[in-house]
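Asker: Sharing a structure below in structure tokens format, with a few things to ask.
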Amino acid sequence: MSDRFSRIMGEYAASVRWEDLPPETVHEVKRRLLDSVGVAMAAFTEDSPKAARAYAYEWPVTSGATLWGTAFIAPADVAAFANGVMVRYLDFNDTYLSKEPLHPSDVIPPLFAVAEWRGVAPREFVTAVAVAYEIGVNLCDAASLRRYGWDHVNYVGIATAAAAGRLLGLSVEQIEHAISLVAVPHAAMRQTRAGELSMWKGAAAANSARNAVFATVLASKGMTGPFQPFAGEMGFFRQLLAGETFDEAALASLVEKRPPRRICDTYVKFWPVEYHAQSAVDAALQLRTEIGDPSRIASIHIDTFKAAYEIIAKDPEKWEPRTRETADHSLPYAVVAALLDGQVTRRSFSRERIADPTLRKILKEHTTLQEDPELTRGYPEGIPNRIRVMTVDREEFVREVRFPRGHARNPMTDEEVVQKFRLNVEEAFSPAQADLVIDFVFGLERQTALEDLAGLLRL
Numbered sequence: 049m050s051d052r053f054s055r056i057m058g059e060y061a062a063s064v065r066w067e068d069l070p071p072e073t074v075h076e077v078k079r080r081l082l083d084s085v086g087v088a089m090a091a092f093t094e095d096s097p098k099a100a101r102a103y104a105y106e107w108p109v110t111s112g113a114t115l116w117g118t119a120f121i122a123p124a125d126v127a128a129f130a131n132g133v134m135v136r137y138l139d140f141n142d143t144y145l146s147k148e149p150l151h152p153s154d155v156i157p158p159l160f161a162v163a164e165w166r167g168v169a170p171r172e173f174v175t176a177v178a179v180a181y182e183i184g185v186n187l188c189d190a191a192s193l194r195r196y197g198w199d200h201v202n203y204v205g206i207a208t209a210a211a212a213g214r215l216l217g218l219s220v221e222q223i224e225h226a227i228s229l230v231a232v233p234h235a236a237m238r239q240t241r242a243g244e245l246s247m248w249k250g251a252a253a254a255n256s257a258r259n260a261v262f263a264t265v266l267a268s269k270g271m272t273g274p275f276q277p278f279a280g281e282m283g284f285f286r287q288l289l290a291g292e293t294f295d296e297a298a299l300a301s302l303v304e305k306r307p308p309r310r311i312c313d314t315y316v317k318f319w320p321v322e323y324h325a326q327s328a329v330d331a332a333l334q335l336r337t338e339i340g341d342p343s344r345i346a347s348i349h350i351d352t353f354k355a356a357y358e359i360i361a362k363d364p365e366k367w368e369p370r371t372r373e374t375a376d377h378s379l380p381y382a383v384v385a386a387l388l389d390g391q392v393t394r395r396s397f398s399r400e401r402i403a404d405p406t407l408r409k410i411l412k413e414h415t416t417l418q419e420d421p422e423l424t425r426g427y428p429e430g431i432p433n434r435i436r437v438m439t440v441d442r443e444e445f446v447r448e449v450r451f452p453r454g455h456a457r458n459p460m461t462d463e464e465v466v467q468k469f470r471l472n473v474e475e476a477f478s479p480a481q482a483d484l485v486i487d488f489v490f491g492l493e494r495q496t497a498l499e500d501l502a503g504l505l506r507l
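For what it's worth, the working numbering labels the leading residue of the sequence shown as 49, then goes sequentially.
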């Protein structure tokens, strides 16, 4: 049933062992798990996570995986979805930018669910996460889905299926079938991220991951997937990439079965906004410190790069957001909120803040934006944004940022990752409970069961 690419990914997933992992890869997996748990718990009471949990509560079982924050056990694919929605909801989990953008930590909830359900040792979970990052990040380098109207979460499903197959001890051929069973039947459209954004924006990756868990378990029971899922006559390349194939040079680490390191190339988010706006928020907050009183602001101009313009600026809805999902994917909204408030937190995207008439007037009437070809040339190595503010007394302030805090070229320290976690869970956990989670995660390879961590997350 193989084609060249399903075989490359299947063989890679089956080949990696715990002993192969570089220390820096293990450390980054721990940081991403802690970060994912933190952003998930910060979103626990929000509308989309509540809806996903309400769905999950319809499927009680005695053998499955825990819904984070509760003692409820659901089937692994259902838990993967509910926990994945929480991780993704605030748009605060990690990112990778290349030909295709990705939130690679979207693979963590489904792999956690499979590992907990099957009682897999935590160090094997760490290995699976490293494998999923390696595959997902390389796929982003290999071809752009967005260019042809398809969503990046298709890569989440493929990476998750390969790594989940490894967790379940599947053969290379079975992993290939799992990849095919998620790639062919479940192609996700980019419409999820066009115009006014709905709750599905934060659920699409979780759904792709849920489909991957379903596909992998099905493959483990003997189900075969469509032959030649990528290179076939009606396969991935023709349908999703308009006949383009993967750049094989981008898959070299998979072909050569190198120890997984690509997680080190991904970025932890410092601000809860779509990643292309991270540097703009950095620049705006620096300007706010210089300007002082925001009532001095007369006009705001944003120079940005092509990808940011296309993804988070060009749609008219980004200039008059009516949902949280649209606001945290709006470059101009994020900049205006940062300049007015002197901070950007998850509360910056509350219904009340989005509806504020002063903010909306400045956004609509006093803010302009354009693509700058010079900045476009600086992407994806960096994410260059330039903010220019003119005050009522005609004083001009300008700031440009290319590598925001958390970028691979400007990484957050362990202390900053831990502080982000503490701030995210402060309304959910006591300081003592937060300490227990931090200690467990940073000692993950010495732990005996992931269900113990799930127990520490109960509210």
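Cβ atoms here follow ideal geometry from the backbone N, Cα and C, with glycine treated the same way. Since the structure is predicted, the reported quantities are computational estimates derived from the model, not experimental observations.
So what does R434 bridge to, in DSSP terms?
Answerer: D351 and E448.
Asker: Note down the Cα distance separating T264 from A180, rounded to an integer number of angstroms.
Answerer: 14 Å
Asker: Just how far apart, CA to CA, sit V77 and I311?
Answerer: 8 Å
Asker: So, helix, strand or coil for W116, using DSSP?
Answerer: Three-state DSSP puts W116 in coil, outside helix and strand.
Asker: Using the C-alpha atoms, what's the distance from S347 back to N259?
Answerer: 47 Å
Asker: Rounded C-beta distance between V205 and A231? I'm assuming under 8 Å.
Answerer: At residue 205 the sequence reads Gly, which differs from the Val that was named. Rounded, the Cβ-Cβ distance is 7 Å, consistent with contact.
Asker: Please say whether S50 and E16 have beta carbons closer to each other than 8 Å?
Answerer: Residue 16 falls outside the range modelled here, since the chain spans only 49 to 507, and no answer is possible.
Asker: What residue range does the alpha helix (DSSP H) around E400 cover?
Answerer: R399 to I402
Asker: Do W116 and L505 come within 8 Å of each other at the CB atom, strictly closer than that value?
Answerer: yes
Asker: Can you tell me which of E358, R395, L388 and T393 puts its alpha carbon nearest to the alpha carbon of L379?
Answerer: E358
Asker: Give the range of the alpha helix (DSSP H) segment to which T208 is assigned.
Answerer: V201 to L215
Asker: Consult DSSP for Y105 and reduce its assignment to one of helix, strand or coil.
Answerer: In this structure, DSSP gives Y105 a state outside helix and strand, which the three-state scheme calls coil.
Asker: Could you check the C-alpha separation between F294 and S146 for me, to the nearest Å?
Answerer: 13 Å
Asker: Roughly how many whole angstroms lie between the Cα atoms of A207 and P307?
Answerer: 16 Å
Asker: Tell me, to the nearest whole angstrom, how far the beta carbon of A226 is from that of A254; I am working on the premise that it is less than 8 Å.
Answerer: About 18 Å; that fails the 8 Å criterion.
Asker: Expressed to the nearest angstrom, what Euclidean distance is found between the alpha-carbon atoms of T371 and K98?
Answerer: 17 Å
Asker: Let me know if A403 comes out buried or exposed under the rule of 16 or more other beta-carbons within 10 Å of its beta-carbon.
Answerer: exposed
Asker: Tell me, please, whether the segment 99-112 touches the segment 123-133 by the rule of three or more beta-carbon pairs shorter than 8 Å.
Answerer: yes
Asker: Of the choices T439, E368, R447 and E67, whose alpha-carbon is the least far from that of T352?
Answerer: R447
Asker: I need the DSSP call for W319, collapsed to helix, strand or coil.
Answerer: coil
Asker: Give the DSSP bridge partners of Y144, in chain order.
Answerer: L150
Asker: Distance, Cα to Cα, L407 vs Q334?
Answerer: 19 Å
Asker: Could you tell me the distance, in whole angstroms, from the CA atom of F285 to the CA atom of E59?
Answerer: 20 Å
Asker: Need the endpoints of the alpha helix (DSSP H) that T406 sits in, please.
Answerer: P405 to E413
Asker: Can you list, in chain order, the residues of its chain whose CB lies under 6 Å from that of A361, leaving out five sequence neighbours each side?
Answerer: L379 and L417
Asker: Answer with buried or exposed for P479, where buried requires no fewer than 16 other C-beta atoms within 10 angstroms of its C-beta.
Answerer: exposed
Asker: Identify, in the order they occur along the chain, each residue of the same chain with its Cβ nearer than 6 Å to the Cβ of T439, setting aside the five sequence neighbours on each side.
Answerer: R344 and A346
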